[in-house]
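Enquirer:
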Amino acid sequence: MHVGIVGAGPAGVSAAVFLKRCGIEISVFEKESVGGLITNAWRVENVPIISPCSGEEIARSLKMSLNEFSINVLYEEVVEVFNRRVLTRSKEYLFDKIIVASGTLPRRILKFEVSSNVVYEYRHLPADIESLAVFGAGDAALDGALKAFENGVRSVHIFSRSGRIKAIKRLRDLAMNSPIVFHFSEPILDVIQGEKLILTTHKAVYEFDALLICIGRVPNVLFVKERTSDIYVVGDAHGSHRQMSIAIGQAIETAMNILGG
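First residue of the sequence shown: 3, per the working numbering; consecutive thereafter.
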């Protein structure tokens with residue numbers, strides 16, 4: 003049996019390692035880098051079996067696991083999954099089973115053009131910025147803002163469409179007791195891009211080196227053209243609660259079902 007796995011985040015890697023240990027041939031497809039969205043995390047504190055650590059540390063552990071079991075990773079963008087086939091931009095692959103662990107995509111603001119300094123994930127930010135605007139007030143926004151300070155960004159401002167923080171209490175407390183500047187009920191209306199970003203709200207005009215947009219995410223499954231009994235969707239792509247432990251559990255359960263089938 004040959005199983006194709008789309009996505010090398012915690013769910014995809016967990017399924018790959020579980021199946022490879024059982025003697026199943028595995029091919030993992032990853033568009034960017036091993037770890038996926040978890041790479042962005044400032045701190046991961048809600049998985050009791052591991053000590054609190056950064057997302058980068060988890061990504062390194064996932065990569066080590068793939069290397070330890072000699073699991074083949076194809077760094078290709080998957081554009082279509084159908085009828086036990088995985089189609090990338092350069093080739094078509096046929097598998098006995100396919101696990102889609104492709105995570106999520108950001109909700110986008112179409113009028114804000116993505117560039118080197120307007121991004122939807124922390125890992126895409128330039129390395130040498132001194133000021134950062136964050137649009138959003140949920141977990142990802144506060145996590146990114148705290149991570150920016152830890153990485154040496156001097157000035158971090160959070161702009162929120164609402165009048166409150168929507169993140170969990172732990173992140174809320176840490177952020178409110180940090181130098182982060184909050185702009186409640188002050189959404190970003192316009193961005194002029196250049197060497198510096200000029201951000202406009204209904205209250206003022208601001209200048210920053212970069213903008214991180216965190217206004218929610220949706221399952222990344224548009225490329226799955228059909229869902230047959232041989233195609234499984236797991237983890238955040240399945241629309242779960244976006245928790246790493248849940249995604250891993252779903253992936254392991256799916257791997258066991260494949261073995262049992």
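Think of the CB as a built atom: it goes at the ideal place given N, C-alpha and C, for glycine as much as any other residue.
Starting from THR106, trace the beta strand (DSSP E) in both directions and tell me its first and last residue.
Expert: THR106 -> beta strand (DSSP E) spans 106-108.
Enquirer: If we ignore side chains and look at the alpha-carbon of each, how far apart do ILE233 and ILE101 end up?
Expert: About 6 Å.
Enquirer: Would you grab the beta carbon distance between MET246 and ILE40 for me? Rounded to a whole angstrom, and I think it's under 8 Å.
Expert: Yes, they are in contact, since the Cβ atoms of MET246 and ILE40 sit about 6 Å apart, within 8 Å.
Enquirer: For the region 98-114 against the region 225-239, do three or more pairs of beta-carbon atoms, one drawn from each stretch, fall closer than 8 Å, so that the two count as touching?
Expert: Contact between the region 98-114 and the region 225-239 is present, because at least three Cβ pairs lie under 8 Å.
Enquirer: Exposed or buried, what is SER162 when buried is set at 16 or more other beta-carbons lying within 10 Å of its beta-carbon?
Expert: Flag for SER162 reads buried.
Enquirer: What ranges does the beta strand (DSSP E) occupy inside the region 28-52, keeping only unbroken runs of at least 3 residues that lie completely in it?
Expert: DSSP runs (the beta strand (DSSP E)) wholly in the region 28-52: none.
Enquirer: Under the rule that 16 or more other beta-carbon atoms within 10 Å means buried, what is LYS22, buried or exposed?
Expert: Classification of LYS22: buried, given that the 10 Å Cβ count is 16 or more.
Enquirer: Along the chain, where does the alpha helix (DSSP H) containing LEU22 start, and where does it finish?
Expert: Here residue 22 turns out to be Lys, not Leu, going by the sequence shown. Where LYS22 is concerned, the enclosing alpha helix (DSSP H) stretches over 12-23.
Enquirer: List in chain order: all unbroken alpha helix (DSSP H) runs of 4+ residues lying wholly within the region 53-80.
Expert: Runs of the alpha helix (DSSP H) inside the region 53-80: 57-70.
Enquirer: Can you tell me the Cβ-Cβ gap for ILE28 and ALA13, rounded? I've got them flagged as a contact below 8 Å.
Expert: At roughly 14 Å, the Cβ-Cβ gap does not stay under 8 Å, so ILE28 and ALA13 are not in contact.
Enquirer: Return the residue from the list PHE97, VAL36, VAL121 that minimises the CA-CA distance to GLY6.
Expert: With distances taken between Cα atoms, GLY6 lies closest to PHE97.
Enquirer: Relative to the C-alpha of LEU112, which residue among HIS243, GLY241, ASP192, GLY251 is closest?
Expert: If we check each option's Cα against that of LEU112, ASP192 comes out closest.
Enquirer: Use the C-beta contact count for ASP238: other C-beta atoms within 10 angstroms, 16 or more gives buried, fewer gives exposed.
Expert: By the 10 Å Cβ count, ASP238 comes out buried.
Enquirer: Take every Cβ of the region 158-178, pair it with every Cβ of the region 78-92, and state whether three or more of those distances are shorter than 8 Å.
Expert: No, they do not touch.
Enquirer: What does the alpha-carbon distance come out to for the pair VAL75 and PHE186?
Expert: Distance between the alpha carbons of VAL75 and PHE186: 43 Å.
Enquirer: Per the contact definition of three or more C-beta pairs closer than 8 Å, is the region 58-77 in contact with the region 194-207?
Expert: The region 194-207 is not in contact with the region 58-77.
Enquirer: Roughly how many angstroms separate the alpha carbons of THR256 and CYS24, rounded to a whole number?
Expert: Cα-Cα distance, rounded: 14 Å.
Enquirer: Find the nearest neighbour of GLN195 within the set ALA212, ARG110, GLU32, judged by alpha-carbon distance.
Expert: Closest option to GLN195, Cα to Cα, is ALA212.
Enquirer: Comparing alpha-carbon positions, which option in ILE215, LYS171, LEU148 lies nearest ILE182?
Expert: Of the candidates ILE215, LYS171, LEU148, the one whose C-alpha sits nearest the C-alpha of ILE182 is LEU148.
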